[in-house]
Amino acid sequence: MEKFDLVVIGAGPSGYAAAMRALDFKKKVLLVERSRVGGAGVTNGALSSKTWWELSREAAGFRKNLRRYNLHAPEISYKEIQAEVRRAVAERKHMLEEHMELIKQSPLGKYLTFRKGNARLVGEHEVEITEGLKKEVVHADYIILATGSRPRYLPELPIDEKIVMTSEGIENMDDFPESMVIVGAGVIGCEYATIFSGFGKTRVNLIDKGDRILPFEDEDVVRVIERNMENNGVLIHRNSRLIRMEIKHGRVEYELEYNDGAREIFNVEKALVAVGRTPNYEDLWDENKVDIHISKRGIEDTDTQTNIPHIYAVGDITADISLVNVGELEGRYAVEKIFGNPKRKLIYENISTIMFLNPEVAGVGLNEIHAREKGIDYKVATVDYSCIPRAIAKRNTQGFIKLLVTNDEEMKILGMKVVGNHASSAIQAVALLISMNKGIEELAECVHPHPSITEGIQECVRMLLGKSLFKPTALSGKLSCKACTNGVYADLTH
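According to the numbering used here, the sequence shown is numbered sequentially starting from 817.
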């Protein structure tokens, strides 16, 4: 029986990151993947959907610019868009595979083994790998489970991945549908509503059981996103419940019941079900020989470690945050915990996120909803994009920057939200300061490049310190500064 210091099951973002980090410790590593290197982080997930979003945004911007010159936009080829997305996926996948091949030819090659196949724990230290008719059992001193997740199915819906689809099938269509309904108004559903409405070829309906989309986001963020969606032709079914969906004559018929009891029937060409993801842990271990604790949300872990001390779980398979950057962080941290001594505990408070909507939304730390839920008193400053020279130069001043700090003399940074062009470029410095538990004085001393979106952060800081360049009392509606104590707001602009 071949022996390894570490066996990593799953070569998605978290598993791949774990295997590469283990090489730094000169450990003998086996990385096992049953389907595609890169996982959902590359195929039918983060990279592919964001490529669709970039191309959709490009198409929408192109149409807008042509109107300035009284020109009609040319026809968009779905096949060419689809081919471009597939080229992006292939490029990333090839890079990951080529990277492993080059490692094998380097001095690190003696430490890394990659095998294609289905891995299963048949003992606490034994992993069985099946590829076709071939079976092999290897010994592992340590094991990291990184098998990711898949789209969640609703059994009452006729999902066939052709007419009623999840994110696994949505990219395999033959052409832009003339109409589509999306079940689920969370991040994935809203991103696909943005993508397909952005191409201008599809009438999109979005089912929302509440009175607004993205219920975990602050109202001012949602207001901008909803307005743009509806201006782009998206019909948001608010306060509605899907009570029936059927495939009839190759199309989708669905019935909604609203909060007031009224019912309505709709007919569209396609449907996308975007109601979350399910961790892949079925048949991953022999329950008679391995007893790993799981919950409804995934494998239970403490600092990436399961209840079995030498078995770790990272990425979407756990009950933690399901993001590519978080999965990679967890994979690397698990290896450092196994073979090294991490300098600090794994924390999630400074995780940066981005939602690919119209406009893009980036954030780090707490938003106002979460701060109130935690009973935290805070101060918040908001700067509208129309006050930021870079946004004016971009000819797109839709959006704002919002900075939350503790409501005390220290004013430690709790979180930030940026809605608008270049939103993601404004996040990282604040994420670092949150992880360092620093106050806003650090930001106040930064000299930002001009013109840049990040200058808006500095103006937020100046407002909180009472020394802003633009005075909120003079630019009401564009600048604001307020305090929230016990859920009650007080205006700080006077």
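Quick reminder that beta carbons are idealized off the backbone N, C-alpha and C, glycines included. Because the structure is a prediction, the values reported are computed rather than measured.
- Per DSSP, reduced to three states, the secondary structure at Lys-866 is helical.
- DSSP places His-955 inside the beta strand (DSSP E), whose first and last residues are 950-961.
- A distance of 8 Å or more separates the beta carbons of Ala-935 and Ser-830.
- With a contact defined as Cβ atoms closer than 8 Å, Lys-1159 and Gly-939 miss out at about 33 Å.
- Looking at the DSSP output, Asp-1307 bridges to Lys-1298.
- Secondary structure of Pro-1158 (DSSP, three-state): coil.
- Around the beta carbon of Tyr-885, fewer than 16 other beta carbons lie within 10 angstroms, which makes this residue exposed.
- Spatial neighbours of Lys-842 in its own chain (CB-CB distance under 7 Å, excluding positions within 5 residues in sequence) are listed in chain order as Tyr-927.
- With a threshold of 16 other beta carbon atoms within 10 Å, Glu-1042 meets it and is buried.
- When secondary structure is reduced to three states using DSSP, Thr-1122 falls in the coil class, being assigned neither helix nor strand.
- Take the alpha-carbon of Gly-855 and the one of Phe-1155: they are about 25 Å apart.
- Put simply, the stretch 1186-1204 does not touch the stretch 1143-1154. Fewer than three CB pairs are less than 8 Å apart.
- Spatial neighbours of Gly-1066 in its own chain (CB-CB distance under 7 Å, excluding positions within 5 residues in sequence) are listed in chain order as Ile-979.
- Between the alpha carbons of Leu-1219 and Ile-1229 lies a gap of roughly 8 Å.
- When DSSP states are grouped into helix, strand and coil, Gly-1181 belongs to the strand group.
- Residue range 1229-1235 is occupied by the beta strand (DSSP E) that includes Gly-1231, with no alpha helix (DSSP H) assigned at that position.
- Distances from the alpha-carbon of Asn-1047 to those of Gly-1191, Gly-1016, Asp-1034, Val-1140 put Gly-1016 closest.
- By the C-beta density criterion, Ser-864 is buried, having at least 16 other C-beta atoms within 10 angstroms.
- With fewer than 16 other Cβ atoms inside 10 Å of its own Cβ, Ala-906 counts as exposed.
- Nearest neighbour of Thr-982 by Cα position, chosen from Ile-998, Pro-993, Asp-1076, turns out to be Ile-998.
- With contacts defined by Cβ atoms closer than 8 Å, Ala-1197 and Leu-1280 form a contacting pair.
- Between the alpha carbons of Thr-1094 and Gly-1049 lies a distance of about 31 Å.
- For a cut-off of 8 Å, the C-beta gap from Val-823 to Val-943 is around 5 Å, short enough to register as a contact.
- Counting other Cβ atoms within 10 Å of its Cβ, Val-1304 stays below 16 and is therefore classed as exposed.
- Of all alpha-carbon atoms in Ile-1192, Lys-1283, Glu-1271, Val-1068, the one lying nearest the alpha-carbon of Ile-1208 is that of Glu-1271.
- Pairing Val-845 with Ile-975 gives a Cβ-Cβ distance that is not under 8 Å.
- For the alpha helix (DSSP H) assignment, the stretch 914-943 encloses no uninterrupted run of at least 4 residues.
- Note: Lys-1064 is bridge-paired with Arg-1067 in the DSSP secondary-structure output.
- In this structure Ile-1133 is buried. Its beta-carbon is surrounded by 16 or more other beta-carbon atoms within 10 angstroms.
- Out of Leu-918, Arg-931, Arg-902, the CA that lies nearest to the CA of Ser-851 is found in Arg-931.
- CA-CA distance, Leu-1249 to Gly-1255, rounds to 7 Å.
- DSSP, read as helix, strand or coil, puts Tyr-1149 in helix.
- Judged by their CB atoms, Ala-1290 and Lys-1195 are not nearer to each other than the 8 Å cut-off.
- For Val-824, no alpha helix (DSSP H) encloses it; the enclosing beta strand (DSSP E) starts and ends at 819-825.
- Excluding sequence positions up to five before and after Val-1003, its CB lies within less than 6 Å of the CB of Met-1171, all in the same chain and listed in chain order.
- Around the beta carbon of Val-1235, a 10 Å sphere encloses 16 or more other beta carbons of the protein chains shown; the residue is thus reported as buried.
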